[in-house]
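A.B. asks: Sharing a structure here in structure tokens format.
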Amino acid sequence: MKSLLSNMYKKINYIAAVLVLFTGITAQAQVTLQSPYSRYGLGNVKELVLPQLRAMGGISAGVYKPNGYNNVNMQNPSSYAGISMTTADMGLSGTFTKLSKGDLSEKDFNGSLNHIVFAFPLIQGKTGLSFGLMPFTQVGYDYQTVSRVDTTNAINRFTGQGGLSKAYLGIGQAIGDNFRIGANVEYIFGDIENSSSYELQRVNALYTRIQDKNSVGGVSFSYGAQYEIKLGGKKRITLGYSGSASSNINSTQTYVASQFVRTATGEDTGVSDTTTFIDGGKSSLKLPLTHNFGFTVQKDNKWLIGADYRMGGWKKLTIGGVNQGLQDSWGFSAGGQFTPDITSINNYFDRIDYRVGYTYDKTYIQRGGQDIKQQAVTFGLGLPLASSRYSIYKMNFTTEIGKRGSLMNGLVKENYINFHLSFTLNDTWFIKNKLY
Numbered sequence: 205m206k207s208l209l210s211n212m213y214k215k216i217n218y219i220a221a222v223l224v225l226f227t228g229i230t231a232q233a234q235v236t237l238q239s240p241y242s243r244y245g246l247g248n249v250k251e252l253v254l255p256q257l258r259a260m261g262g263i264s265a266g267v268y269k270p271n272g273y274n275n276v277n278m279q280n281p282s283s284y285a286g287i288s289m290t291t292a293d294m295g296l297s298g299t300f301t302k303l304s305k306g307d308l309s310e311k312d313f314n315g316s317l318n319h320i321v322f323a324f325p326l327i328q329g330k331t332g333l334s335f336g337l338m339p340f341t342q343v344g345y346d347y348q349t350v351s352r353v354d355t356t357n358a359i360n361r362f363t364g365q366g367g368l369s370k371a372y373l374g375i376g377q378a379i380g381d382n383f384r385i386g387a388n389v390e391y392i393f394g395d396i397e398n399s400s401s402y403e404l405q406r407v408n409a410l411y412t413r414i415q416d417k418n419s420v421g422g423v424s425f426s427y428g429a430q431y432e433i434k435l436g437g438k439k440r441i442t443l444g445y446s447g448s449a450s451s452n453i454n455s456t457q458t459y460v461a462s463q464f465v466r467t468a469t470g471e472d473t474g475v476s477d478t479t480t481f482i483d484g485g486k487s488s489l490k491l492p493l494t495h496n497f498g499f500t501v502q503k504d505n506k507w508l509i510g511a512d513y514r515m516g517g518w519k520k521l522t523i524g525g526v527n528q529g530l531q532d533s534w535g536f537s538a539g540g541q542f543t544p545d546i547t548s549i550n551n552y553f554d555r556i557d558y559r560v561g562y563t564y565d566k567t568y569i570q571r572g573g574q575d576i577k578q579q580a581v582t583f584g585l586g587l588p589l590a591s592s593r594y595s596i597y598k599m600n601f602t603t604e605i606g607k608r609g610s611l612m613n614g615l616v617k618e619n620y621i622n623f624h625l626s627f628t629l630n631d632t633w634f635i636k637n638k639l640y
């Protein structure tokens with residue numbers, strides 16, 4: 205028993221040390237986002253998928269076990285039923301962005317700690333449990349528009365920062381040999397700050413600034429199901445569905461409307477008058493109903509291909525009872541994974557998981573009568589690390605090359621390259637050592 209507790213203690217220390225290292229790295233990085241489209245709604249919404257699935261275009265609804273290795277698919281909690289070892293996954297992400305409008309362009313880089321998740325088998329082959337923390341939305345923008353009032357420039361400045369995170373606890377249960385169901389209880393929390401100002405470029409003119417902050421905290425639910433059709437020869441088809449319930453999340457609003465003066469040198473002299481101040485106003489945020497349908501076809505430990513179709517009722521999103529003027533979204537993903545020979549001893553490259561995919565979305569944003577669309581090609585590697593009889597380690601690296609928006613009708617076009625790096629541990633924590 206002492207040896208068992210000692211091994212568990214060492215593994216927990218290992219995970220904690222890696223997490224502290226990641227946190228130290230990201231603390232030195234810029235953690236804001238630079239996307240003018242994150243001004244709308246809740247910001248840029250991120251799918252709850254790890255780099256392993258993101259490399260395959262983000263498919264998730266029909267993904268159960270791509271190979272004998274355990275991955276956590278929190279987008280469809282019914283997949284937790286297949287967790288056979290204690291699993292921990294944590295990672296970083298970084299983004300290179302180029303914003304273009306007309307003849308102007310701007311480049312930016314941001315990075316952050318991305319996720320930390322765990323999963324455990326409760327009943328081997330039947331029931332699995334998972335919990336973790338992941339980003340849900342991201343807000344980060346700073347831009348201005350210029351117009352003419354008589355002979356003077358009028359500048360509208362828009363800035364925003366923050367975002368929402370999801371902490372979840374979920375369970376998956378197998379029913380018979382072919383059917384699985386699961387659900388997550390999620391706590392959504394975070395702050396979203398938006399600020400705008402109107403300025404006439406006149407010396408010592410009085411300008412107006414509006415600052416609106418929403419502090420969010422509340423419970424939501426997501427769920428999923430999978431049905432498996434065995435084809436023989438270690439081949440199978442998995443049909444999947446996942447979705448999230450329409451939930452009311454508590455929100456506390458701080459709203460400030462003030463006036464200030466800017467000097468001839470452009471210096472902000474501070475607030476001269478506060479015209480409106482609302483601190484701690486209670487409201488709610490109503491999240492929409494979402495659906496995700498998908499399938500995979502695979503040969504165990506060799507290859508997998510699949511596709512998803514998703515849709516979200518974002519037209520009904522309200523914050524403080526005010527509809528946000530969004531539209532319903534839809535999108536699809538397709539991708540796959542190939543492992544040449546998972547049992548290879550002499551050739552390391554044969555044991556690597558090679559992944560590729562494509563994703564397309566009509567987002568919930570419409571500007572100037574034009575839908576804002578987003579698409580990306582994805583690819584990545586699953587690199588095996590040192591393993592033993594009771595533990596397996598893997599490093600996953602994923603790249604997304606994509607674009608959002610266009611240059612038509614005076615809109616902004618975003619070209620981006622996202623990098624995701626994660627480390628996955630599969631371990632058997634509760635095996636008692638035997639002496640022979």
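According to the numbering used here, the residues represented by the sequence shown are 205 to 640, in order.
Ideal Cβ positions, reconstructed from N, Cα and C, are used throughout, including at glycine.
Quick caveat: nothing in here was measured; it's all calculated off a predicted structure.
(1) If you draw a straight line from the alpha carbon of residue 545 to that of residue 295, how long is it in whole angstroms?
(2) Please report the distance separating the alpha-carbon of residue 555 from that of residue 508.
(3) Have a look at the DSSP bridge pairing and note the partners of residue 565.
(4) Taking 8 Å as the cut-off, decide whether the C-beta atoms of residue 430 and residue 273 are in contact.
(5) Roughly how many whole angstroms lie between the Cα atoms of residue 543 and residue 347?
(6) Please report the distance separating the alpha-carbon of residue 234 from that of residue 443.
(7) In chain order, what residues of the same chain have a beta carbon less than 8 Å from the beta carbon of residue 343, not counting five sequence neighbours either side?
(8) Alpha carbon to alpha carbon, how far is residue 413 from residue 463? Give it in angstroms, no decimals.
(9) How should residue 590 be labelled, buried or exposed, when 16 other C-beta atoms within 10 angstroms of its C-beta is the threshold for buried?
(10) Let's see if you can read the secondary structure: which residues bound the beta strand (DSSP E) around residue 303?
(11) Using the Cβ count rule (16 or more neighbours within 10 Å means buried), how would you classify residue 630?
(12) Output the distance between the C-alpha atoms of residue 570 and residue 608, rounded to the nearest integer angstrom.
(13) Where DSSP assigns a beta bridge to residue 547, which residues make up the other side?
(14) By the 10 Å Cβ neighbour count, where 16 or more other Cβ atoms means buried, how is residue 552 classified, buried or exposed?
(15) Quick one: Cα of residue 288 to Cα of residue 326, how far?
(16) How many Å lie between residue 440 and residue 433 at the Cα?
(17) What is the DSSP secondary structure of residue 540, reduced to helix, strand or coil?
(18) The beta strand (DSSP E) spanning residue 325 covers which residue range?
(19) My output table needs one value for residue 434: the three-state DSSP class, helix, strand or coil.
(20) Please name the residue or residues paired with residue 521 in a DSSP beta bridge.
(21) Would you identify the three-state DSSP class for residue 227, choosing helix, strand or coil?
(22) Which residues does DSSP list as the beta-bridge partners of residue 240?
(23) Report the option in 522, 581, 536, 266 whose CA atom is closest to the CA atom of residue 623.
(24) Between the C-alpha atoms of residue 460 and residue 340, what's the straight-line distance to the nearest angstrom?
(25) Using the rule of at least 16 other Cβ atoms within 10 Å of the residue's Cβ for burial, across every protein chain shown, is residue 574 buried or exposed?
(26) According to DSSP, is residue 245 part of a helix, a strand, or is it coil?
(27) Could you please give me the residues that DSSP links to residue 499 through a beta bridge?
(28) On the premise that residue 626 lies in contact with residue 255, defined as a C-beta separation below 8 Å, what is that separation, rounded to the nearest angstrom?
(29) Is residue 293 buried or exposed, if buried means 16 or more other CB atoms sit within 10 Å of its CB?
(30) Is it true that the CB of residue 316 sits closer than 8 Å to the CB of residue 337?
(31) Would you kindly work out how many angstroms separate the C-alpha atoms of residue 309 and residue 300, rounded to a whole number?
(32) Here's the rule: buried if 16 or more other CB atoms are within 10 angstroms of the residue's CB, otherwise exposed. What is residue 499?
(33) Helix or strand or just coil, what does DSSP make of residue 629?
(34) Determine the extent of the alpha helix (DSSP H) in which residue 256 is found, giving its start and end residues.
(35) Would you mind listing the beta strand (DSSP E) stretches within the region 368–408 that are 3+ residues and don't spill past its ends, in chain order?
(36) Rounded to the nearest angstrom, how far is the Cβ of residue 419 from that of residue 361, given a contact under 8 Å?
C.D. replies: Looking at the coordinates:
(1) 26 Å
(2) 15 Å
(3) 535, 578
(4) no
(5) One C-alpha to the other measures close to 45 Å.
(6) With a pLDDT of 38 at residue 234, under the threshold of 50, the modelled position of this residue cannot be trusted, and the question is left open.
(7) Cβ within range, chain order: 237, 242, 243, 246, 247, 248, 364, 365, 366, 367, 396, 397, 398.
(8) 6 Å
(9) Exposed is the call here.
(10) 290–305
(11) buried
(12) 12 Å
(13) DSSP output for residue 547 lists no bridge partner at all.
(14) Exposed, because fewer than 16 other Cβ atoms sit within 10 Å of the Cβ of residue 552.
(15) 9 Å
(16) 6 Å
(17) In the structure shown, residue 540 sits in a strand (DSSP, three-state: E or B).
(18) 308–327
(19) Three-state DSSP puts residue 434 in a strand.
(20) Bridge partners of residue 521: none, in fact.
(21) Note on residue 227: pLDDT 45, under 50, position unreliable in the model; the coordinate value appears next. Note: residue 227 maps to helix in three-state DSSP.
(22) According to DSSP, residue 240 bridges with nothing at all.
(23) 581
(24) 26 Å
(25) exposed
(26) coil
(27) 443, 511
(28) 5 Å
(29) Burial of residue 293 is indicated by the presence of at least 16 other C-beta atoms within 10 angstroms of its C-beta.
(30) no
(31) 13 Å
(32) buried
(33) Reduced to three states, the DSSP call for residue 629 is strand.
(34) 255–258
(35) 383–404
(36) Their Cβ separation, rounded to whole angstroms, is 23 Å, which puts residue 419 and residue 361 out of contact at 8 Å.
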